[in-house]
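K.L.:
Numbering (UniProt numbering), first residue to last: 1 to 271.
1) Between which two residues does the beta strand (DSSP E) harbouring residue 130 extend?
2) Going by CA-CA distance only, name the one from 236, 99 and 48 that's closest to residue 192.
3) Quick check on DSSP: helix, strand or coil for residue 114?
4) Closest to residue 229 by C-alpha separation, out of 73, 144 and 114, would be which residue?
5) For residue 31, which residues from the same chain have a beta carbon less than 6 angstroms from its beta carbon, with the 5 sequence-adjacent residues on both sides left out?
6) Residues in its own chain within less than 7 angstroms of residue 247 by CB, not counting five upstream and five downstream?
7) Short check: CB of residue 224 to CB of residue 141, under 8 angstroms?
8) Examine the ligand FMN and report whether any of its heavy atoms sits within less than 7 angstroms of the Cβ of residue 110.
9) How close, in whole Å, do the beta carbons of residue 94 and residue 110 come, if the pair is a contact with beta carbons under 8 angstroms?
10) Helix, strand or coil: how does DSSP classify residue 104 here?
11) Could you check if residue 177 is buried or exposed, using at least 16 other CB atoms within 10 Å of its CB as the buried criterion?
12) Which residue wins for smallest C-alpha separation from residue 170, given the options 51, 103 and 136?
13) Please report how far the alpha carbon of residue 58 lies from the alpha carbon of residue 174, in whole angstroms.
14) Within 10 angstroms of its Cβ, does residue 119 collect 16 or more other Cβ (buried), or is it exposed?
15) Pick helix, strand or coil for residue 82, following the three-state DSSP scheme.
16) Could you tell me whether the Cβ atoms of residue 145 and residue 226 are closer together than 8 angstroms?
17) Since residue 157 contacts residue 62 with CB under 8 angstroms, what's their CB separation in whole angstroms?
18) In three-state terms, what does DSSP make of residue 288?
19) Residue 185 to residue 64, Cα distance in whole Å?
20) Pick from 206, 258 and 214: whose alpha carbon is nearest that of residue 233?
21) Go ahead and label residue 215 buried or exposed: buried means 16 or more other beta carbons lie within 10 angstroms of its beta carbon, across all protein chains shown.
22) Relative to the C-alpha of residue 107, which residue among 260, 250, 126 and 201 is closest?
23) Could you compute how far the alpha carbon of residue 196 sits from the alpha carbon of residue 101?
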């Protein structure tokens, strides 16, 4: 099974018809192409790379990240969350779209395929991004921002999954992780909305955010195409009675259901 949907399954009118930017067009690794509508762009090359090659690619791409602009939340209509569940050599990715600011469910899409890259700390994007893209290809709702249970710039090479995926999308991406990968911080206050800078090698790479009073913080960082302040504001706006934003919390639950075979990937409905 191919990690991407076959070219003839990519709809001409789909929201993510042009999701692959020309960022890869001039990067020669394996030079395999996939058709997306009328555009011919490079396929993600990570699956044929060794771990050292993947790290070099991360360093190459890091210079292309855009940590901005600010996102006006009053103009946000739909927020998406994505997550991946794995079992043996298979990965099950789901994307959940919620109306904003009410956070009511609009759409759920899933994609499953074999894993093509081993688990290597710091290289999660090479393992999971293709599956998330497979689910995104099915999304029909216009999305204003995408939040992932992953890191963005809060990564040793500033290239977490949220950032790598953000370079491929014309949608702002945000990393909202449950655990720290890099950086030091002072514990934020116990009240919801309390924040502290996450600093790595003298650079603020994210914020430690208290999303519920008295519970563990989350680690928010820019993915791409949005600033850090807006990233924190959107994450907090998507958090209701749970620690995690509703977009990623529901995507996590959906991915587990897909893995268990409880709901088909292409027509999932959550209550």
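Built from N, CA and C at the ideal position, the CB exists for glycine as well.
P.N.:
The relevant details are as follows:
1) Looking at the DSSP string, residue 130 is not in any beta strand (DSSP E); the run it does join, the alpha helix (DSSP H), is 124-136.
2) 236
3) strand
4) 73
5) With a pLDDT of 29 at residue 31, under the threshold of 50, the predicted position of this residue should be treated as unreliable, and no value is reported.
6) Within the same chain, Cβ atoms closer than 7 angstroms to the Cβ of residue 247 are found at 79, 80, 81, 96, 98, 147 and 238, the five residues on either side in sequence being excluded.
7) no
8) The ligand FMN is not part of the structure shown, which contains no ligands of any sort.
9) The Cβ separation is near 5 angstroms, so the contact holds.
10) coil
11) Only buried fits residue 177, as 16 or more other CB atoms lie within 10 angstroms of its CB.
12) 136
13) 17 angstroms
14) exposed
15) strand
16) In contact: residue 145 and residue 226 (Cβ atoms closer than 8 angstroms).
17) 6 angstroms
18) Because the chain is modelled from 1 through 271, residue 288 falls outside the range shown and cannot be assessed.
19) If you draw a straight line from the Cα of residue 185 to the Cα of residue 64, it is about 26 angstroms long.
20) 206
21) exposed
22) Looking at the Cα atoms, 250 is the closest of the given residues.
23) Answer to the nearest angstrom: the Cα atoms are 25 angstroms apart.
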